[in-house]
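Undergrad: Mind looking over this structure? Questions follow.
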Amino acid sequence: MSVFSHTEFDNHEQVVFCHDKITGLKAIIAIHNTHRGPALGGCRMWNYRSDAEALNDVLRLSRGMTYKSALANLDLGGGKSVIIGDPRQHKTADLLAAMGRFLERTGHQYIAAEDSGTSVADLQVMAQHTHNVAGITAHLGIDGQPSNGDPSPATAYGTFIGLKTAVRHQLGRTELNGLQVAIQGIGNVGYRLAEYLHHAGAELYVTDIHPDQVQRAVQQFGATPVAQSEILSLDVDVIAPCALGAILNEDTIPQIKARVIAGAANNQLAAPRHDQMLRERGILYAPDYVLNAGGIIDIFYDRIGHDHNKVRAHIETIDDTLSEIFNRANEQQRPTGEIANTLAEERFKK
Ligand code: NAD
1010 MSVFSHTEFD NHEQVVFCHD KITGLKAIIA IHNTHRGPAL GGCRMWNYRS DAEALNDVLR
1070 LSRGMTYKSA LANLDLGGGK SVIIGDPRQH KTADLLAAMG RFLERTGHQY IAAEDSGTSV
1130 ADLQVMAQHT HNVAGITAHL GIDGQPSNGD PSPATAYGTF IGLKTAVRHQ LGRTELNGLQ
1190 VAIQGIGNVG YRLAEYLHHA GAELYVTDIH PDQVQRAVQQ FGATPVAQSE ILSLDVDVIA
1250 PCALGAILNE DTIPQIKARV IAGAANNQLA APRHDQMLRE RGILYAPDYV LNAGGIIDIF
1310 YDRIGHDHNK VRAHIETIDD TLSEIFNRAN EQQRPTGEIA NTLAEERFKK
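In this note's numbering, the protein residues as written are 1010 to 1359.
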């Protein structure tokens, strides 16, 4: 298994393979770039089919974190770690402790946070063996209410801010009253986004694979339920993907009638070329990793002393970053995802 010639290798500073014989821990820590500060990113536990699949994931995801933190104006670099194994079967306190000891050995170059397959409680076990974990202390959420560390409220707020920027830019509207928004996935982020939009007077269309989540949005916000297969082709102003990745692709883009795509789901573009395809159709795509940075901003403040007002103000800078991306995209006649990547590189390569 090669690393330096791997297709996802992008001048990563460190790739550490960790093995603990006693607990059976097999993990990989990838530190992509630390020019702006220590690399922060989730510690994922997943039942990878092979070591190669785990390496592919950690190289790709760690790079993504560098871009996300740079565009979120955080003094952080990008990193990620993966533990190979089924979280339901293989996760033990001893295994998490072993991971904590490996994290400590990175010498504060990488800080782990919760991710798929790991919880705040798991990170707290690791924290008994390392200082290099974040997002585990109780604090006030962005609404000033006690938070259990769940980053979703911050992510939803950032997505709402970014959606408003995109609507202002593309539709020339500063008020959301009567704006029609279709939300795909009404889970932790989607539901809270719906709440913000409802309070701002928007008209909502929602879908989810769980009918009870849809029903909750219908009852609370007067949302219109929509079939999963119809949500992306609805004749609305905005589509807010808040469920899955790769939903913007060859099949779906020709069907989209909305003029704005602004949601929290990670990796919405199935391939980089779909960025240009959206531009050619006159659809403004708000790059997902700019919109969904609220969570990482929240976790960052956990490290430096949490003040929910500062977190909120920092999340609101998503408006400035997106405006810069949209303006440059207009001037240079280039797609927004590509411009976002260029802007991130300017910030972290300095
Ligand atoms: P979640 O699991 O709470 O919600 C996702 C919802 O989408 C679920 O209700 C699920 O049933 C639904 N769903 C799944 N497949 C669907 C389909 N085919 N059609 C319609 N609905 C479907 O997750 P979340 O925390 O709300 O995150 C949503 C998205 O935002 C994910 O892509 C996630 O990676 C991204 N994101 C979340 C955060 C965060 O802080 N939670 C941060 C950054 C990015």
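Backbone N, C-alpha and C define an ideal beta-carbon position, used for all residues, glycine too.
Within its chain, find whatever has a CB closer than 7 Å to the CB of residue 1075; leave out the 5 residues flanking it on each side and keep chain order.
TA: The count along the sequence shown starts at 1 and reaches residue 1075 at position 66. Excluding residues within five positions, the ones whose Cβ falls inside 7 Å are 1041, 1042, 1086, 1087 and 1357.
Undergrad: Counting C-beta neighbours from all protein chains within 10 Å, is the total for residue 1010 16 or more, i.e. buried, or is it exposed?
TA: Translated into positions along the sequence shown, residue 1010 becomes position 1. Flag for residue 1010 reads exposed.
Undergrad: Considering only C-alpha positions, which residue in the set 1037, 1275 and 1296 is nearest to residue 1351?
TA: Residue numbering aside, residue 1351 sits at position 342 when the sequence shown is read from its first letter. Nearest of 1037, 1275 and 1296 to residue 1351, Cα basis: 1296.
Undergrad: Are the beta-carbon atoms belonging to residue 1031 and residue 1063 less than 7 Å from one another?
TA: Taking the first residue of the sequence shown as position 1, residue 1031 is located at position 22. Taking the first residue of the sequence shown as position 1, residue 1063 is located at position 54. No.
Undergrad: Go through its chain and collect everything with a Cβ distance to residue 1140's Cβ below 8 Å, but skip five positions before and after it.
TA: Residue 1140 sits at position 131 when you count from the first residue of the sequence shown. Within the same chain, residue 1140 has close Cβ partners 1113 and 1117.
Undergrad: Whose C-alpha, out of 1148, 1301, 1185 and 1246, is nearest the C-alpha of residue 1272?
TA: Position 263 of the sequence shown holds residue 1272. Residue 1272 has its Cα closest to that of 1301, out of 1148, 1301, 1185 and 1246.
Undergrad: Are the CB atoms of residue 1171 and residue 1334 nearer to each other than 7 Å?
TA: Position 162 of the sequence shown, counted from the first residue, corresponds to residue 1171. Position 325 of the sequence shown, counted from the first residue, corresponds to residue 1334. No.
Undergrad: Sort 1124, 1178 and 1167 by Cα distance to residue 1332 and report the nearest one.
TA: Here residue 1332 refers to the residue found at position 323 of the sequence shown. Ranking 1124, 1178 and 1167 by Cα distance to residue 1332 puts 1178 first.
Undergrad: What residue ranges within the stretch 1113 to 1162 form continuous alpha helix (DSSP H) runs of no fewer than 4 residues, ordered along the chain?
TA: Runs of the alpha helix (DSSP H) inside the stretch 1113 to 1162: 1129 to 1135.
Undergrad: If residue 961 sits next to residue 1260, beta carbons under 8 Å apart, how far is it from one beta carbon to the other, in whole angstroms?
TA: Because residue 961 is not part of the residues shown, which for the chain are 1010 to 1359, the question remains open.
Undergrad: Curious, which full-length beta strand (DSSP E) runs of at least 3 residues does the stretch 1022 to 1063 contain?
TA: DSSP runs (the beta strand (DSSP E)) wholly in the stretch 1022 to 1063: 1023 to 1029, 1034 to 1042 and 1048 to 1055.
Undergrad: How about residue 1327: is its Cβ closer than 6 Å to a heavy atom in ligand 1?
TA: Position 318 of the sequence shown, counting from 1, holds the residue named residue 1327. No, Cβ of residue 1327 sits at least 6 Å from all heavy atoms of ligand 1.
Undergrad: Which one of 1197, 1183 and 1144 has the shortest CA to CA distance from residue 1219?
TA: Taking the sequence shown and counting its residues from 1, the one referred to as residue 1219 is at position 210. Ranking the options by Cα distance to residue 1219, first place goes to 1197.
Undergrad: Using a threshold of 7 Å, state whether the C-beta atoms of residue 1162 and residue 1150 are closer than that.
TA: Residue numbering aside, residue 1162 sits at position 153 when the sequence shown is read from its first letter. Residue numbering aside, residue 1150 sits at position 141 when the sequence shown is read from its first letter. In contact: residue 1162 and residue 1150 (Cβ atoms closer than 7 Å).
Undergrad: Please report the Cβ distance between residue 1284 and residue 1269, rounded to the nearest whole angstrom; I am assuming they are in contact, meaning their Cβ atoms lie under 8 Å.
TA: Taking the first residue of the sequence shown as 1, we reach residue 1284 at position 275. Taking the first residue of the sequence shown as 1, we reach residue 1269 at position 260. Between residue 1269 and residue 1284 the Cβ distance is about 15 Å, and since that is not below 8 Å, they are no contact.
Undergrad: Quick check on the DSSP output: the beta strand (DSSP E) that includes residue 1330 runs from which residue to which?
TA: Working through the sequence shown from its first residue, we reach residue 1330 at position 321. No beta strand (DSSP E) contains residue 1330, which is instead part of the alpha helix (DSSP H) from 1327 to 1341.
Undergrad: Let me know the secondary structure DSSP gives residue 1360 once reduced to three states.
TA: Shown here, the chain extends from 1010 to 1359; a query on residue 1360 therefore has no answer.
Undergrad: Where are the alpha helix (DSSP H) runs, 4 residues long or more, that stay fully inside the stretch 1242 to 1292, in chain order?
TA: Counting only runs of 4 or more, we get 1282 to 1289.
Undergrad: Is the CB-CB distance between residue 1278 and residue 1257 below 7 Å?
TA: As a first step, residue 1278 is located in the sequence shown; it is residue number 269 there, counting from the start. As a first step, residue 1257 is located in the sequence shown; it is residue number 248 there, counting from the start. The answer is yes: Cβ separation under 7 Å.
Undergrad: Using beta-carbon positions only, say whether residue 1080 and residue 1299 come within less than 7 Å of one another.
TA: Indexing the sequence shown from 1 puts residue 1080 at position 71. Indexing the sequence shown from 1 puts residue 1299 at position 290. The answer is yes: Cβ separation under 7 Å.
Undergrad: Would the beta-carbon of residue 1252 fall within 7 Å of that of residue 1194?
TA: Within the sequence shown, the letter at position 243 stands for residue 1252. Within the sequence shown, the letter at position 185 stands for residue 1194. Going by C-beta atoms, residue 1252 is nearer than 7 Å to residue 1194.
Undergrad: State the CB to CB distance for the pair residue 1190 and residue 1213, rounded to an integer number of angstroms; the pair is presumed to be in contact (CB under 8 Å).
TA: For this step, residue 1190 is matched to residue 181 along the sequence shown. For this step, residue 1213 is matched to residue 204 along the sequence shown. That belief holds up - the Cβ atoms of residue 1190 and residue 1213 are roughly 6 Å apart, short of 8 Å.
Undergrad: Once you ignore the five residues that flank residue 1223 on each side, which residues in its own chain have a CB closer than 7 Å to its CB?
TA: On the sequence shown, position 214 is the one that residue 1223 refers to. Excluding residues within five positions, the ones whose Cβ falls inside 7 Å are 1195, 1215, 1216, 1217 and 1234.
Undergrad: So, at 8 Å on beta carbons, what are the nonlocal neighbours of residue 1186 in its own chain, with the 5 sequence-adjacent residues on each side left out?
TA: In the sequence shown, residue 1186 corresponds to position 177, counting from 1. The answer, listed in chain order, is 1209, 1210 and 1211.
Undergrad: Go ahead and pull the three-state DSSP assignment for residue 1089.
TA: As a working note, residue 1089 is residue 80 in the sequence shown. Reduced to three states, the DSSP call for residue 1089 is strand.
Undergrad: From which residue to which residue does the beta strand (DSSP E) around residue 1216 run?
TA: Within the sequence shown, numbered from 1, the residue matching residue 1216 stands at position 207. Its beta strand (DSSP E) spans residues 1212 to 1216.
Undergrad: With a threshold of 6 Å (Cβ to nearest heavy atom), would residue 1245 be considered close to ligand 1?
TA: Against the sequence shown, residue 1245 aligns to sequence position 236. False, no ligand heavy atom lies under 6 Å from that Cβ.
Undergrad: Are there 16 or more other CB atoms within 10 angstroms of the CB of residue 1131, so buried, or fewer, so exposed?
TA: Here residue 1131 corresponds to residue number 122 of the sequence shown, with the count starting at 1. Result: buried.
Undergrad: Taking the straight line between their C-alpha atoms, what separation do you get for residue 1135 and residue 1122?
TA: Counting from 1 along the sequence shown, the entry for residue 1135 is found at position 126. Counting from 1 along the sequence shown, the entry for residue 1122 is found at position 113. Approximately 10 Å, taken between the alpha carbons.
Undergrad: Anyone know if the C-beta pair for residue 1126 and residue 1182 falls short of 7 Å?
TA: Along the sequence shown, one-based indexing puts residue 1126 at 117. Along the sequence shown, one-based indexing puts residue 1182 at 173. No.
Undergrad: Which residue comes first and which comes last in the alpha helix (DSSP H) that contains residue 1353?
TA: As a first step, residue 1353 must be located in the sequence shown, where it is residue number 344. Taken as a continuous stretch (DSSP letters only), the alpha helix (DSSP H) holding residue 1353 covers 1345 to 1358.
Undergrad: Taking C-alpha atoms, which residue in 1073, 1028 and 1051 lies nearest to residue 1021?
TA: Numbered from its first residue, the sequence shown carries residue 1021 at position 12. Checked all of 1073, 1028 and 1051; the closest Cα to residue 1021 is 1073.
Undergrad: Start and end of the alpha helix (DSSP H) containing residue 1226?
TA: Counting from one through the sequence shown, the residue named residue 1226 turns up at place 217. Residue 1226 -> alpha helix (DSSP H) spans 1220 to 1230.
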